[in-house]
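Peer 1: Numbering (the numbering used here), first residue to last: 368 to 536. Before I ask anything, let me first share the structure, which is written out below as structure tokens.
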């Protein structure tokens, strides 16, 4: 049985992201809603407070559902993005091809970055785990990066699996 660890954004990060997105969507939705209500029947102005509530609720539900598709899976073969099917989708990094795993600052966040021994590949910034400011912070980011580095140290000298069907760039 293989060891498998999955990293997703924390619940607080999901709430923070959905709140930030909902503010933008509410601002965008409020302008056409105001124009529509003014054009149809100005006496329906009392419906305007419902626009932010609907926009925030819909955004929160969508963000929570989408957060399950953001992240990585680290197992005895390597690191891959989360997929609902369980197949390797998109970028895949087998442990023997990884040269280093570092914590780096990127766009006001601390993210783990994977460097591969392929000179044509660019460093891979993982979408999760990460830590930022306020609601985007993750107090366990150091432990999560330590787990990734420990798994890399454990499996990097293993015989590489057949990754011919995976994109390592």
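Every residue, glycine too, gets a C-beta built ideally from N, C-alpha and C.
In angstroms, rounded to a whole number, what distance separates the CA positions of residue 515 and residue 496?
Peer 2: When rounded, the distance between both Cα atoms is 10 angstroms.
Peer 1: Quick check on the burial criterion: 16 or more other C-beta atoms within 10 angstroms. Buried or exposed for residue 402?
Peer 2: Exposed, since its Cβ has fewer than 16 Cβ neighbours within 10 Å.
Peer 1: Using the C-alpha atoms, what's the distance from residue 473 back to residue 507?
Peer 2: Rounded to whole angstroms, residue 507 to residue 473 spans 18 angstroms at the Cα level.
Peer 1: Assuming residue 373 is part of the beta strand (DSSP E), what are its boundary residues?
Peer 2: Note, residue 373: beta strand (DSSP E), 371–374.
Peer 1: Between which two residues does the beta strand (DSSP E) carrying residue 465 extend?
Peer 2: Per DSSP, residue 465 belongs to the beta strand (DSSP E) from 465–473.
Peer 1: Is the region 388–396 touching the region 418–429, taking contact as three or more C-beta pairs under 8 angstroms?
Peer 2: Yes: the two stretches touch, three or more of their Cβ pairs being nearer than 8 angstroms.
Peer 1: State the DSSP-derived secondary structure class of residue 405, mapped to helix, strand or coil.
Peer 2: Helix.
Peer 1: I'd like the list of long-range same chain contacts for residue 435, defined as Cβ closer than 7 angstroms, with 5 residues on each side in sequence excluded.
Peer 2: Within the same chain, residue 435 has close Cβ partners 375.
Peer 1: Assuming residue 430 and residue 384 make a contact with CB atoms under 8 angstroms, what is their CB distance in whole Å?
Peer 2: That pair is a contact at about 6 angstroms.
Peer 1: Taking residue 381 as the reference, which of 467, 470, 518 and 498 has the closest Cα?
Peer 2: Checking every option, the nearest Cα to that of residue 381 belongs to 498.
Peer 1: Sort 500, 524, 512 and 458 by Cα distance to residue 372 and report the nearest one.
Peer 2: Answer by Cα proximity: 512.
Peer 1: Identify, in the order they occur along the chain, each residue of the same chain with its Cβ nearer than 8 angstroms to the Cβ of residue 404, setting aside the five sequence neighbours on each side.
Peer 2: If we look at residue 404 and ignore the five residues flanking it on each side, its Cβ neighbours are 411, 412, 414 and 415.
Peer 1: Just checking my contact of residue 479 with residue 468 at CB under 8 angstroms: how many whole Å lie between their CB atoms?
Peer 2: Contact flag correct, Cβ pair sits at about 6 angstroms.
Peer 1: Would residue 547 pass as a contact of residue 463 if the rule is Cβ separation under 8 angstroms?
Peer 2: There is no way to answer for residue 547, as the model of the chain reaches only from 368 to 536.
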